[in-house]
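What follows is a set of notes on a single structure, which appears directly below.
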DNA sequence: TGTGTCAACTAGTGTC
DNA sequence: GACACTAGTTGACACA
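In this note's numbering, the protein residues as written are 69 to 276.
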């Protein structure tokens, strides 16, 4: 389903406050009070701002239409969505003054702008979680492969030296790894085999 | 009609 | 205490 289609519909109906039957709680009351104040004007020009005189797309505000207590679904139109997106690209949170300014420019209520940004942040976070999940899944796959490979290698080593416990072979292998004191990278000595190492157990570090 | 999307909501938490 | 935020939920709507 294309979101752009939604934008074109522009139903722009009202939303009944507390339409879901829930209480208009204290927090919301504070918002309503705050928004009753005249919008703060400021000089900063945001990317979302449109030129003066340019036609604004109309959205009916919340209290314009009570609709008998039923909450009507408002769809922001294309212009409103794209300007909000533009703004979101530059910053993910808004100061009250910015919020009022965007609302004024888009002919929306500051509360609507605030809600849009809250929901947008939530969507962004969700997307990021999905990306992170996919990355971890790939890491897990890669480690599983590596684990399989090491197990195979271990089996081969065990069959090459029957009678020697697997962990002992691994310990001997680990003992052959030297840490370079300059670059701190692990480096295998010149030892070609465990047998070779047992003859010449300690070699000097090879400096990088 | 089932499902996905999203604006708007509530409740709880953190910060100043 | 006021305010801004997040997480989770609700309900209207579009679409296959």
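Glycine included, every Cβ here is placed at the ideal spot set by N, Cα and C.
Please return the same chain residues whose Cβ sits closer than 6 Å to the Cβ of residue 184, not counting the five positions on each side in sequence. 152, listed in sequence order.
For the segment 197-213 and the segment 171-185, state whether three or more C-beta atom pairs, one from each stretch, are separated by less than 8 Å. Touching, no.
From the DSSP output, in three-state form, read off residue 162 for me. The answer is coil: DSSP assigns residue 162 none of H, G, I, E or B.
Contact defined as beta carbons within less than 8 Å: I believe residue 181 pairs with residue 167. What is the distance between those atoms, to the nearest angstrom? Confirmed, Cβ separation roughly 5 Å.
Which first and last residues belong to the alpha helix (DSSP H) in which residue 143 is found? In the DSSP assignment, residue 143 falls outside any alpha helix (DSSP H) and carries neither an H nor an E.
Just the Cα atoms here: how many angstroms apart are residue 177 and residue 216? Cα to Cα, the separation comes out at about 59 Å.
I need the DSSP call for residue 179, collapsed to helix, strand or coil. Residue 179: helix per DSSP, three-state reduction.
Is the beta carbon of residue 188 sitting closer than 7 Å to the one on residue 156? Contact check for residue 188 against residue 156 passes: the beta carbons are separated by less than 7 Å.
Consult DSSP for residue 191 and reduce its assignment to one of helix, strand or coil. The three-state secondary structure of residue 191, taken from DSSP, is helix.
Using alpha carbons as the reference points, say which of 175, 186, 213, 205 lies closest to residue 159. Measuring from the Cα of residue 159, the nearest candidate turns out to be 186.
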